[in-house]
Amino acid sequence: MAEFEIQVTELDAGGKDYVFPIRSAWLAEQLSALGAAGEGLSAPASDGQLSVFADKTGPDVILRGRVQGVVVAPCSRCLKPAPITVDSELALLMTARGRGHRPEPGEEDLSPEEVEREFFTGDTIVLDDVVREHLLVEVPMQPLCSESCPGIHVPESVRGPEDLAAQPSEKSAMAEAFARAARQQSKTKRAN
Ligand SMILES: [Zn+2]
Numbered sequence: 029m030a031e032f033e034i035q036v037t038e039l040d041a042g043g044k045d046y047v048f049p050i051r052s053a054w055l056a057e058q059l060s061a062l063g064a065a066g067e068g069l070s071a072p073a074s075d076g077q078l079s080v081f082a083d084k085t086g087p088d089v090i091l092r093g094r095v096q097g098v099v100v101a102p103c104s105r106c107l108k109p110a111p112i113t114v115d116s117e118l119a120l121l122m123t124a125r126g127r128g129h130r131p132e133p134g135e136e137d138l139s140p141e142e143v144e145r146e147f148f149t150g151d152t153i154v155l156d157d158v159v160r161e162h163l164l165v166e167v168p169m170q171p172l173c174s175e176s177c178p179g180i181h182v183p184e185s186v187r188g189p190e191d192l193a194a195q196p197s198e199k200s201a202m203a204e205a206f207a208r209a210a211r212q213q214s215k216t217k218r219a220n
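Shown next as structure tokens:
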């Protein structure tokens, strides 16, 4: 069952506005269906919202709108759930397929300005995949619960020596190399 459907037959000359709730339960279902790609991600307690204005031009339908919602991802520093707020613009050109005069995807050259072009069959446009992609693309590679997240607190008793935790910076590595070169040089001088 599709969650977000637009009936093309409902569209008249003036276009039509649609507002759908992005149900938390639907998002949870989508994330679990993703398997590994959705691992660690979860749906928030509250619903999001898809708002779309659909306008028919010939056999095509132009969709403009917004995907608003939240995806919960584990913070990359402290692993606590970090809600990622999504507020994404949607602009789609939906092309009817299978009407004889329309080529199948890949059979025609799409000009580069046609950023997002999708195809639909029959009289129903299903936006489930589009909504899911808009939500997931906003999740960063390294989600943070807050910019200033200090990370997992390691108790003093199990903490190693300070220099063990310290990341060697590029600068110190270079200083180290210089020092080594200088030592080498002075050794050579002494040998002469
Ligand atoms: Zn955190």
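At position 79 of the sequence shown the residue is numbered 107 (my numbering), and the sequence of numbers has no breaks.
A virtual CB, placed ideally from N, CA and C, is assigned to each residue, including glycine.
Check	Outcome
Alpha-carbon to alpha-carbon, Gly179 and Ile90	45 Å
Local conformation of Arg145 per DSSP, three classes	strand
6 Å CB neighbourhood of Glu31 in its chain, flanking five on each side removed	Trp54, Asp156
Cβ shell of Cys103 (< 7 Å), same chain only, five flanking positions each side left out	Ala110, Pro171, Leu172, Cys173, Cys177
Proximity test, Cβ basis, 7 Å: Leu62 and chain B	The chain inventory of the structure shown lacks chain B, comprising one protein chain alone.
Sheet register partners of Pro109 (DSSP bridge)	Pro102
Supposed close pair Gln58, Gln77 - CB separation, criterion 8 Å	Wrong, their Cβ atoms sit about 16 Å apart, outside the cutoff.
Reduced DSSP category for Gly66 - H, G, I as helix; E, B as strand; rest coil	helix
Residue list, Cβ distance to ligand 1 heavy atoms smaller than 6 Å	Cys103, Arg105, Cys106, Lys108, Leu172, Cys173, Cys177
Sub-7 Å separation of Ala119 and Arg94 beta-carbons	no
Close Cβ partners of Thr113 (< 7 Å) along its chain, the five nearest in sequence each way excluded	Val98
Chain-order list of residues whose beta-carbon lies under 7 Å from that of Gly42 (same chain, five-residue window excluded)	none
Same chain only: Cβ atoms within 6 Å of Thr37, ignoring 5 sequence neighbours per side	Asp151
Contacts around Glu117, its chain only, beta-carbon distance under 7 Å, and the 5 residues preceding and following it disregarded	Arg94
Environment of Met29 [buried if 16+ CB atoms lie within 10 Å]	exposed
Spatial neighbours of His47 in its chain, beta-carbon cut-off 6 Å, leaving aside the 5 residues before and after	Per the sequence shown, the amino acid found at residue 47 is Val instead of His. Only Ser79 meet the Cβ criterion.
Cβ-based neighbour list, Pro72, same chain, cut-off 7 Å, excluding 5 preceding and 5 following	Ser52, Val98, Val100, Pro111
Contacts around Asp115, its chain only, beta-carbon distance under 6 Å, and the 5 residues preceding and following it disregarded	Gln96
Nonlocal neighbours in the same chain, by C-beta distance under 7 Å from Val159, ignoring five residues either side	Phe32, Ile50, Leu78, Val95
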